[in-house]
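Chains as they are written, first to last, in the numbering used here: chain A, 10 to 123; chain B, 201 to 311.
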């Protein structure tokens with residue numbers, strides 16, 4: 010596809026369960042970013058990948074959050090032992106390179122923790 | 201104080217009006233400035249991408265950057281109901297990759 014693709018679009022799960030969110034960036038984009046959007050906090054940076062490496066994980070809220078990227082393409086964000094405060098929209102973006110480049114976003118995964 | 205402040209809105213205008221959206225920022229290292237449009241239950245869509253001070257026009261959209269005042273604006277001319285969305289400003293320092301976003305302004309264009 011032409012744009013950033015994220016799946017699932019919606020996820021409802023019980024507190025304490027693990028969830029995996031997937032992002033497929035724009036073809037040819039080497040940089041990939043995860044953000045979280047919630048009502049009170051706006052858009053917050055979580056983690057950045059250049060290729061398969063994650064030089065900046067500074068935005069991950071806790072050690073329950075992890076992410077990986079394989080083949081310089083698809084990325085997975087995993088949240089273990091989910092808590093109600095993890096409820097938010099998780100957005101993925103990609104760019105041609107990393108610095109000074111516009112980022113293009115997917116439509117996000119809307120995560121609800123019951 | 202947040203790094204990027206955006207006029208909260210909401211904003212409601214009649215069709216055909218000019219929409220004016222504004223953000224201020226405190227980090228003088230910001231060099232790249234963006235405006236995104238976000239429809240309900242969709243991701244942010246890049247509208248404008250500008251570097252340093254000045255104006256940039258694209259169709260009905262004009263982005264202005266005033267680095268001396270740390271102030272950016274987006275103007276939408278001849279607004280249409282399809283322009284009804286939340287508009288987010290975002291900015292980035294040179295040789296950086298992390299975007300800092302405003303909180304967003306929700307705009308409704310009444311037919």
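For glycine and all other residues, C-beta sits at the position ideal for the given N, C-alpha and C. Model, not experiment: these values are computed from the prediction.
Asked                                                                                                     : Found
Limits of the beta strand (DSSP E) - the one that residue 143 of chain A falls within                     : Absent from the structure is residue 143 of chain A, since the part of chain A shown begins at 10 and ends at 123.
Buried or exposed (CB count within 10 angstroms, at least 16 for buried), residue 27 of chain A           : exposed
DSSP-derived helix/strand/coil call for residue 214 of chain B                                            : strand
For residue 263 of chain B, the residue or residues it bridges with in DSSP                               : B:256, B:274
Check: residue 100 of chain A C-beta below 8 Å from any heavy atom of the ligand FAD                      : Here there are no bound small molecules, and the ligand FAD is not part of this structure.
is_contact[residue 104 of chain A, chain B] using C-beta, thresh 9 Å                                      : yes
Bounding residues of the beta strand (DSSP E) (the contiguous stretch that carries residue 78 of chain A) : 74 to 78
7 Å CB neighbourhood of residue 68 of chain A in its chain, flanking five on each side removed            : 53, 54, 55, 56
Simplified DSSP state of residue 283 of chain B, which is helix, strand or coil                           : helix
Below-9 Å beta-carbon distance, residue 291 of chain B vs any chain A residue                             : no
Secondary structure of residue 203 of chain B, DSSP reduced to three states                               : coil
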